[in-house]
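Numbering (our numbering), first residue to last: 24 to 235. Take a look at the structure below.
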Ligand SMILES: Cc1cc2nc3c(=O)[nH]c(=O)nc-3n(C[C@H](O)[C@H](O)[C@H](O)COP(=O)(O)O)c2cc1C
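In structure tokens, the structure reads:
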């Protein structure tokens, strides 16, 4: 990351913390990095599902899922998903029943963004408001240096796709339901999260337990 991107991220964290003082940060338990299904079985089982119970995910599962999605997997800060030029421009906004949080992969922490249940704002489909977790992938184009606008658009979409596939495989391994979604009201998310014009809502993804 460039120096200005690091300063930008630190500033964003400060603003977020000030804006969400009513909901505390959540320190996630260390992710379990062993176990799970053999990769080929997870690939064989990967599929989209749009039926969820409203049961919350345990914090350990959330931690494991976020680490699988885009956690830090090497001492030098590199991540479980690749990103163009290692810009790491994708922010994961975590919509839970009690608030919206930003995944801080380095601290393994959920930084509070907004208190309250805003899950309905994370998608247009009926199941989104009741499923326990929606992730919204937001690309911070300010971290992508002086790349051409069309390259920023292309690479940020590709980078979010890798993260979404990690989540798909984690869910296949854990028996969770999951759907990645382009259907998200981007303007509403921008308004809700008070995003800058160079923060782009790329995709959303909903996760929960399957209905029996
Ligand atoms: C970029 C992208 C956007 C998608 N958007 C939606 C969506 O908004 N709503 C939805 O229900 N499914 C969405 N899907 C899921 C696809 O419909 C699903 O992946 C496809 O039908 C193939 O099924 P499979 O994932 O089980 O292989 C999206 C998938 C991708 C890759």
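Even for Gly, the Cβ is constructed at its ideal location relative to N, Cα and C.
According to the DSSP assignment, residue 174 belongs to no beta strand (DSSP E) but to the alpha helix (DSSP H) extending over 172-197. Out of 142, 60 and 163, the CA that lies nearest to the CA of residue 154 is found in 142.
Restricting attention to 144, 192, 152 and 201, the CA atom closest to the CA of residue 207 is found in 144.
The C-beta of residue 171 has fewer than 16 other C-beta atoms within 10 Å across all chains shown, which makes the residue exposed.
Checking the 7 Å criterion, the Cβ of residue 212 is out of range of every heavy atom belonging to ligand 1. When Cβ pairs closer than 8 Å are counted between the two stretches, the segment 93-102 is seen not to touch the segment 211-223, the count staying below three. Beta-bridge annotation (DSSP): residue 139 is not paired with any residue. Judged by their CB atoms, residue 224 and residue 151 are not nearer to each other than the 8 Å cut-off.
Residue burial is scored here from C-beta neighbours: residue 102 has at least 16 other C-beta atoms within 10 angstroms and is therefore classed as buried.
With 16 or more other CB atoms across the displayed protein chains lying within 10 angstroms of its CB, residue 167 is buried.
Between residue 230 and residue 156, the C-beta gap is smaller than 8 Å, which places the two residues in contact. Looking only at 174, 226 and 149, the smallest Cα-Cα distance to residue 75 is reached by 149.
No Cβ-Cβ contact shorter than 8 Å links residue 72 with residue 203.
When the five nearest sequence neighbours on each side are left out, the beta carbons in the same chain lying within less than 8 Å of the beta carbon of residue 91 are those of 54, 103, 189, 190, 192 and 193, in order along the chain. One alpha carbon belongs to residue 146, the other to residue 66, and they sit about 26 Å apart. Buried is the label assigned to residue 87, since at least 16 other Cβ atoms lie within 10 Å of its Cβ.
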